[in-house]
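A.B. asks:
2 protein chains.
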Amino acid sequence: MVTVDLVILTLRAGELNALLVERGVEPYQGEMALPGGFLNNGEEDLQVAAHRELAEEAGLDGASLHLEQLGVYGTPGRDPRGRVVSVAYLAIAPGLPEPAAGTDAAGARWQPVGAVAAGKVRLAFDHELILNDGVERARAKLEHTALATAFCGETFTISELQRVYEAVWGVEIDPRNFYRKVQGVEGFIVPDGHKATRGRPARLFRAGRSAALHPPLVRPEGAT
Amino acid sequence: MVTVDLVILTLRAGELNALLVERGVEPYQGEMALPGGFLNNGEEDLQVAAHRELAEEAGLDGASLHLEQLGVYGTPGRDPRGRVVSVAYLAIAPGLPEPAAGTDAAGARWQPVGAVAAGKVRLAFDHELILNDGVERARAKLEHTALATAFCGETFTISELQRVYEAVWGVEIDPRNFYRKVQGVEGFIVPDGHKATRGRPARLFRAGRSAALHPPLVRPEGAT
DNA sequence: GCGGCTTACTGTCAATTGGACAATAAGCTA
DNA sequence: TAGCTTATTGTCCAATTGACAGTAAGCCGC
């Protein structure tokens, strides 16, 4: 018995959010949980299954967003139905305004991860643990990979990128130093036009060629 | 069908080595593979299973060494016997002189990972991929965690610690700068006596309280 | 069309860090 | 006691970082 569960993170109103669904069946009926489900019988690749759940349960097109394996959770007793091993995936989505409604995925809601961490929202199974692991993974990877760009659209301004770091790390960053540092990292972002906003128009960028950041953007010591 | 496979790394003669076993049964009989095996039927915790395999197949006492989950490998066709999902674990052992013989684990041999990467040693299943993932994980974690101390014994000198970094990263490091930097990281290592060697006696250290390194020891750009 | 508002971007400076390298220390051995 | 070996402490300069000031470029309201 193998399931695939998804930690899907995005930025909404400057806050880090995760996609949660309300369970329609027992066990834990009516409670919030990570989207996910059982492997299709037989020969389904894990990554493919994660993409399928992403589409079915979250209504998201997996092809365009970041998806990586997070880990396996197999503690006996974690699922009252018996021995269930869950493979967790971490997905990063650009800030979509729609509350992920529509298709199959009614009952899917973005929730601030801060509310879950503070105990305001309880999750079924060991999904709280999995969600925390996913958030911590994202925090760590922001330091030395270009993961932050996955939170943004195709193009983005440096301010938008900065808001990603601030939301995920839970810190404030000086915009001027951030600007300098980000542009100093070879292959992180490349210019791509301009954009009108309130105030002076901002330069637009796309994700560059490098997946790894040299030098890394080191997280301040007290970060969440 | 769930198996647990182990990437066990250690330092031998200044080189990064992995523990490999010769398979005694089909498939891939006679070829080298990572130590591992099927989950005990029913209710065995994954981490417990990893410890069990560590003792059975490698003759190593799991309690004392670093063990962390590496990932899941579930591509259809990776095992000719059918659908087998493998949970990989990464273990780090201090440099043991014994070639891991003795008990159950005959046919277990330390092999330089460089020989595997160079194609001189071929591995069964997708174990070459898993081994590479394990080595890359170790390389990354050396930067911002105290993982390097897991390669050393209870106490160690700074030179020994340096040799860990050099072997895993495949670079040369200036001893004087390394000395300074390592001691500047709060809680990384704490003094613990002295040790006579050839040349001037070295100070001994133990692993400190911190698991995370602030500031990190950044890997040079061209590292392996 | 001109202040004032907002956001974007460019500079500057002192303090810290980092890499290259020289010098000294402390044991052992012959 | 000289010489070898490894450990540890310093020094110097270049590069980086963090704190902060100043300028630029749109839009809005009048």
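Line order of the protein sequences matches chains Z and G. Heads up, the first sequence is in my numbering, so the first residue is 1 and it goes up one at a time. Heads up, the second sequence is in my numbering, so the first residue is 1001 and it goes up one at a time. Just so you know, even glycine gets a beta-carbon here, dropped at the ideal spot from N, CA and C. Since we're looking at a predicted model, the values are computed, not measured.
With 8 Å set as the bound, which would you pick, yes or no: does the beta-carbon of Z:Arg83 sit closer than that to a beta-carbon of chain G?
C.D. replies: Closer than 8 Å to some Cβ of chain G, the Cβ of Z:Arg83 qualifies, so yes.
A.B. asks: Quick check: what's the CA-CA separation for G:Ala1146 versus G:Leu1213?
C.D. replies: Looking at the two C-alpha atoms, the distance is approximately 7 Å.
A.B. asks: Going straight from the alpha carbon of Z:Pro112 to that of G:Asn1040, what length do you get?
C.D. replies: For Z:Pro112 and G:Asn1040, the distance between alpha carbons rounds to 39 Å.
A.B. asks: Per the DSSP calculation, Z:His194 is bridged to which residue(s)?
C.D. replies: The partner list for Z:His194 (beta bridge, DSSP) reads Z:Arg203.
A.B. asks: Say whether chain G places a C-beta atom closer than 8 Å to the C-beta of Z:Asp45.
C.D. replies: Closer than 8 Å to some Cβ of chain G, the Cβ of Z:Asp45 qualifies, so yes.
A.B. asks: Identify the residues that DSSP records as bridge partners of Z:Tyr179: which are they?
C.D. replies: Its beta-bridge partners do not exist; DSSP assigns none.
A.B. asks: Could you tell me whether any Cβ in chain G is nearer than 8 Å to the Cβ of Z:Pro175?
C.D. replies: Not closer than 8 Å to any Cβ of chain G, the Cβ of Z:Pro175 fails to qualify, so no.
A.B. asks: The stretch 1068–1082 of chain G: which residues have C-beta closer than 7 Å to a C-beta of chain Z, in chain order?
C.D. replies: Listed by position, the residues of the stretch 1068–1082 of chain G near chain Z (Cβ gap below 7 Å) are Gln1069, Gly1071, Val1072, Gly1074, Thr1075 and Pro1076.
A.B. asks: Does Z:Gly184 get closer than 8 Å to chain G when you measure Cβ to Cβ?
C.D. replies: So no, Z:Gly184 is outside the interface.
A.B. asks: For a quick check, are the C-beta atoms of Z:Asn17 and Z:Trp169 less than 8 Å apart?
C.D. replies: No, the Cβ-Cβ distance between Z:Asn17 and Z:Trp169 is not below 8 Å.
A.B. asks: In chain order, which beta strand (DSSP E) runs of at least 3 residues are fully inside the stretch 77–144 of chain Z?
C.D. replies: Qualifying beta strand (DSSP E) stretches, in chain order: 85–92 and 108–112.
A.B. asks: Nearest-angstrom Cα distance between G:Val944 and G:Gly1059?
C.D. replies: Given a span of 1001 to 1224 for chain G in the structure shown, any question on residue 944 of chain G remains unanswerable.
A.B. asks: Residues in its own chain within less than 6 Å of G:Pro1027 by CB, not counting five upstream and five downstream?
C.D. replies: The answer, listed in chain order, is Pro1080.
A.B. asks: State yes or no: is the C-beta of Z:Ala148 within less than 8 Å of the C-beta of Z:Tyr165?
C.D. replies: Against a cut-off of 8 Å, the Cβ pair of Z:Tyr165 and Z:Ala148 comes out as a contact.
A.B. asks: Name the chain G residues that come within less than 8 Å of Z:His214, Cβ to Cβ?
C.D. replies: Correct list: Glu1221.
A.B. asks: Hey, how far is the Cα of Z:Leu142 from the Cα of G:Asp1005?
C.D. replies: Approximately 29 Å, taken between the alpha carbons.
A.B. asks: Determine the direct distance from the alpha carbon of Z:Ile92 to that of Z:Ile130, and round the result to whole angstroms.
C.D. replies: The alpha-carbon atoms of Z:Ile130 and Z:Ile92 are separated by roughly 15 Å.
A.B. asks: Do we get a CB-CB distance below 8 Å when we pair G:Gly1042 with the residues of chain Z?
C.D. replies: Yes, contact with chain Z.
A.B. asks: Taking only the alpha-carbon atoms, compute the straight-line gap between Z:Glu154 and Z:Gly119 and give it to the nearest angstrom.
C.D. replies: Going by the C-alpha atoms only, they are around 34 Å apart.
A.B. asks: With a threshold of 8 Å between beta carbons, is G:Val1168 in contact with chain Z?
C.D. replies: False, the Cβ-Cβ gap to chain Z never drops below 8 Å.
A.B. asks: Check whether the Cβ atoms of G:Val1218 and Z:Pro216 sit closer than 8 Å, and answer yes or no.
C.D. replies: Yes, Cβ-Cβ distance for G:Val1218 and Z:Pro216 is below 8 Å.
A.B. asks: Report the residue from G:Glu1128, G:Asp1133, G:Val1025 and G:Ile1158 whose alpha carbon sits nearest the alpha carbon of G:Asp1192.
C.D. replies: Per the Cα distances, G:Ile1158.
A.B. asks: Who pairs with G:Thr1012 in a beta bridge, going by DSSP?
C.D. replies: Looking at the sequence itself, residue 1012 of chain G is Arg, so the reference to Thr does not match. According to DSSP, G:Arg1012 bridges with G:Glu1015.
A.B. asks: In this structure, what does DSSP give as the bridge partners for Z:Tyr28?
C.D. replies: Its beta-bridge partners do not exist; DSSP assigns none.
A.B. asks: Does G:Val1171 get closer than 8 Å to chain Z when you measure Cβ to Cβ?
C.D. replies: Chain Z, which has no Cβ nearer than 8 Å to the Cβ of G:Val1171, makes this no.
A.B. asks: DSSP state of Z:Thr155, grouped into three classes?
C.D. replies: Three-state result, Z:Thr155: coil.
A.B. asks: Taking 8 Å as the CB-CB cut-off, is G:Val1007 touching chain Z?
C.D. replies: Output row for G:Val1007: interface = no.
A.B. asks: Quick one, which of Z:Ser210, Z:Val25 and Z:Ala223 has its alpha-carbon nearest Z:Glu172's?
C.D. replies: That would be Z:Ala223, whose Cα lies nearest to the Cα of Z:Glu172.
A.B. asks: Using a 10 Å radius around the Cβ and a threshold of 16 neighbouring Cβ atoms, would you call G:Thr1010 buried or exposed?
C.D. replies: Classification of G:Thr1010: buried, given that the 10 Å Cβ count is 16 or more.
A.B. asks: Helix, strand or coil, according to DSSP, for G:Glu1043 in the structure here?
C.D. replies: In the structure shown, G:Glu1043 sits in coil (DSSP, three-state: anything other than H, G, I, E or B).
A.B. asks: Let me know the secondary structure DSSP gives Z:Glu22 once reduced to three states.
C.D. replies: Strand.
A.B. asks: Which residue or residues does DSSP assign as beta-bridge partners of Z:Gly36?
C.D. replies: Note: Z:Gly36 sits in a beta bridge opposite Z:Asp5.
A.B. asks: Taking all protein chains shown into account, do 16 or more other C-beta atoms lie within 10 angstroms of the C-beta of G:His1127, making it buried, or fewer, making it exposed?
C.D. replies: Its Cβ being crowded by 16 or more others within 10 Å, G:His1127 is buried.
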